[in-house]
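Chains as they are written, first to last, in the numbering used here: chain A, 65 to 469; chain B, 21 to 617. The structure appears below as structure tokens.
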């Protein structure tokens, strides 16, 4: 009998040892609260209509169990921000939020004065509740206003009206120093003037941050089944440009595709995503990205609240996890970093991915030649055009990845 | 021969032909229902795995009749679409009788009528069957009246049946025996066998389904194909039951298969006569025609390096599709590809779909065109299958276009709309007659108009009730011009179309408008122009893209965004790069989607 040699093939073009980032990047913590009063027709997030009172006790216990199970992966690392998103996290009682934050502080080293954001819905606002969140340690509130126009809010299936939004914003502003307002634009029948009216109303309350999202129809949503008549591509672009000029004129910074901030008030937590930082996500359907000694690992928790609660603390509480292959890293990095108005430093790419900057060089030079980015002083920065056409660049990178043997 | 009956089933799509055929096979199988279904299906699956195309409805059945005799009933399948009317006529030529199956709730349709006329012309006995009488909406009396009125045959003895419940199946079989004549033919005369159908089997080569008219044949005979004079050694003969069952001889009156080591399907032409080399028949059977493609289109791989793969795929398809024609073609815009000829639009769609599904090809198809005859000033006539190859107008004396004779059956309510449509399509009325609630319209229409969107429009103006049948009539002089499309100033040969001068302005405008909708926005402005000669008649601009970055990118969930990008990438696969402009495949067919005014 002869010996058979079974050749070992490595995945794709991945070298025998995967690239290893030099030092672990900053780490953020994300907590997902999966319940909503009802599901909005445009929403494709992991949210579930709430039936009866929230199971706060088991939920909190599950979150803590997940956190503890993850501790060995993030041992010794300091958390730079915490974001409680959803769903509608403001459905939680202040006591539950207090319990959660206390549990986090007890188990993790948190940066002093770190940003702790809670998402809230104008339909679920009471002044006492907000004060309770504030007292628990939440220092930034993100309010899902979407619009101040009653007709638009109805079309979007929101549970609040324009007055409700204004009232909620007034309370939020009184209780919190840092307030973000989520607005949607390119709504059915919307003109640049109508969109600007929403922005003006928001500005009147003096928030520190504005997120302006173009309404897009996502698969598996009510809107995907019965699409509303949206403004055309040009009108959407006009609205985008109008909002941008209005806010720049008011001294705001347009620091990311959908994010505007008063100077010094950019969202630390989201910036960490865009700069390809690490994050640990707990709660149903939460995503994690952690830089480990063997490469970058992504994981997803069971999305359905019931499945999540029943599996919390057990070994199979992750729905999936995988190590990101080296050839995927440039696209994944750029998918995030190209969203930033300031772009990124050459070194950031190397530090975060462990790959040499030369990997990107020829593509970037091509983009620069098309006037989509500039390459100056060790920094990749999108031009005004490139800032709007990031997908063109990402598609080209994706193409290249597929051409590699 | 007294105990043989050869018959086929004429029916409109959905009127229950297959179900009835299955019932007849089942009834004559002498097996229990359960055994029957599992056995037949199993053997068919096996055959399919081996790559044999079985005609499930072509079956030699044994039937023990009420008169105590055992009969051999040969059920011969007929294809059901207007593109294949020649094959239908050959199938019918092999029969002495036909069951005319009419849905008792729907009534007579154009396709049925056309096939039924073919049958009557060939002297085939037509036995009307009213199917689906179990439906609450069934109206046998009206259907019967319609058959008499439209087709002009006596339907008083029409058999009421339901293929679904099995009702009336025995009556049908008895009627086949009683009303359809047994075949006549001289078993001792020189062999004459009609090729009803032929297909390619990976193991045995070409299989020919034949009806023996005169004489007989057995394995080891040398056979002669009369249209080509080619000789082959007969290896096997047999019948389909519907499984293939070899036998030692096929004689006059019988239907069966011949395997004789033929490698090329094109050598076993449907309608040809098979005879014996040693003792040939003096004349072939009448009615043989070389099938000529009527519709041509260019097929190009989206990726240049797929040219060889496309050629291989086309060659494999041709193994089993003798009517498919193709030859290499070079387009400045699309590179290397093939100009393919099809029997009709359905045939073209089938080929395209098989190439994409079975051979995983990404194709760009140019707009289908008919064949024009061009009389040059110097006196010769050329056939033009590609609009880009239309000779320079200064050299042309006359251009002739093919005209078809279209027969439309439509309920009275929609006659006005159908007439309007036919007139719009430059049709001239040949005949119009009323048959109960149905109207028969016969129009002579330029085939180029039918190729475009006639059938879809006909269905839409009649809410799906109109049915169409057509045949080629003749070539007639036509005042047509070549309409070119320019993208960013460059003429794109693959987008040229031949249109009537009278409608050229409006077609040009419609075409560029449509293309503007189909070509996605790019990184720069794209100008689309329509031109006749050097004269630009229409222009549209696809403005440069302004924004494509996603607004939302949420909570570290990168998978969704990546999926979206992958999807966009998949969409791009169906694009063809022309200059630096990406043109989607639909844009090459835009001319088919230009609405008439």
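All C-beta atoms in this analysis are idealised placements derived from N, C-alpha and C, irrespective of residue type, glycine included.
Contacts that residue i makes with chain B (C-beta to C-beta distance below 8 Å)
i, result
"residue 455 (chain A)", "568, 569, 570, 585, 588"
"residue 434 (chain A)", "543"
"residue 103 (chain A)", "None at all; the shortest Cβ gap to chain B is about 16 Å."
Three-state secondary structure assigned by DSSP to residue i
i, result
"residue 454 (chain B)", "strand"
"residue 587 (chain B)", "helix"
"residue 600 (chain B)", "coil"
"residue 86 (chain B)", "coil"
"residue 62 (chain B)", "Interpretation of residue 62 (chain B) is limited by its pLDDT of 42, a score under 50 that renders its predicted location unreliable; the figure taken from the coordinates is listed afterwards. It is helical."
"residue 22 (chain B)", "coil"
"residue 485 (chain B)", "coil"
"residue 237 (chain B)", "strand"
"residue 561 (chain B)", "strand"
"residue 464 (chain A)", "helix"
"residue 223 (chain B)", "coil"
"residue 398 (chain A)", "helix"
"residue 30 (chain B)", "strand"
"residue 410 (chain B)", "coil"
"residue 490 (chain B)", "strand"
"residue 295 (chain B)", "strand"
"residue 385 (chain A)", "strand"
"residue 427 (chain A)", "helix"
"residue 500 (chain A)", "This structure does not reach residue 500 (chain A), given that chain A is present from 65 up to 469, and the question cannot be answered."
"residue 504 (chain B)", "strand"
"residue 521 (chain B)", "helix"
"residue 457 (chain A)", "helix"
Check whether residue i and residue j have beta carbons under 7 Å apart
i, j, result
"residue 513 (chain B)", "residue 387 (chain B)", "no"
"residue 344 (chain A)", "residue 395 (chain A)", "no"
"residue 392 (chain B)", "residue 401 (chain B)", "no"
"residue 158 (chain A)", "residue 183 (chain A)", "no"
"residue 266 (chain B)", "residue 79 (chain B)", "no"
"residue 424 (chain B)", "residue 370 (chain B)", "no"
"residue 396 (chain B)", "residue 357 (chain B)", "no"
"residue 295 (chain B)", "residue 214 (chain B)", "no"
"residue 320 (chain A)", "residue 404 (chain A)", "yes"
"residue 528 (chain B)", "residue 550 (chain B)", "yes"
"residue 338 (chain A)", "residue 284 (chain A)", "no"
8 Å Cβ shell around residue i - same chain, five flanking residues per side excluded
i, result
"residue 39 (chain B)", "183, 184"
"residue 290 (chain B)", "106, 107, 110, 215, 216, 217, 218, 311, 342"
Residues near residue i by beta carbon distance below 7 Å, same chain, minus five either side
i, result
"residue 280 (chain B)", "243, 252, 253, 254, 255"
"residue 612 (chain B)", "387, 472, 473"
"residue 224 (chain B)", "279"
"residue 445 (chain A)", "406, 407, 437, 438"
"residue 541 (chain B)", "562, 563, 564, 565"
"residue 379 (chain B)", "333"
"residue 128 (chain A)", "167"
"residue 162 (chain A)", "200"
"residue 416 (chain A)", "85, 89, 340, 397"
Beta-carbon neighbours of residue i, restricted to chain B and to distances below 7 Å
i, result
"residue 458 (chain A)", "585"
"residue 202 (chain A)", "The premise fails here: residue 202 (chain A) is roughly 17 Å from chain B at the closest Cβ pair, so nothing lies under 7 Å."
"residue 301 (chain A)", "566, 567"
"residue 366 (chain A)", "Chain B residues near residue 366 (chain A): none, gap ~14 Å exceeds 7 Å."
Neighbouring residues, chain A, relative to residue i (Cβ below 7 Å)
i, result
"residue 539 (chain B)", "Under the 7 Å cutoff, chain A gives no residues; its nearest Cβ is about 14 Å from residue 539 (chain B)."
"residue 565 (chain B)", "453"
"residue 581 (chain B)", "399"
"residue 576 (chain B)", "94, 337, 343, 345, 351, 353"
Same chain only: Cβ atoms within 6 Å of residue i, ignoring 5 sequence neighbours per side
i, result
"residue 229 (chain B)", "216, 217, 277"
"residue 535 (chain B)", "548, 607, 610"
"residue 224 (chain A)", "186, 187"
"residue 500 (chain B)", "419, 518, 520"
"residue 93 (chain A)", "143, 146, 344"
Per-residue contacts from residue i into chain A (C-beta, under 9 Å)
i, result
"residue 596 (chain B)", "Those do not exist, as residue 596 (chain B) stays about 16 Å from chain A at its closest Cβ, beyond 9 Å."
- prompt: Hey, which unbroken runs of the alpha helix (DSSP H) at 4 residues or more fall wholly within the stretch 128–204 of chain B?
  reply: 130–141, 160–166, 189–199
- prompt: Can you give, in chain order, each stretch of the alpha helix (DSSP H) that sits fully within the stretch 288–359 of chain A and has at least 4 residues?
  reply: Complete alpha helix (DSSP H) runs here, min 4: 297–313, 332–338.
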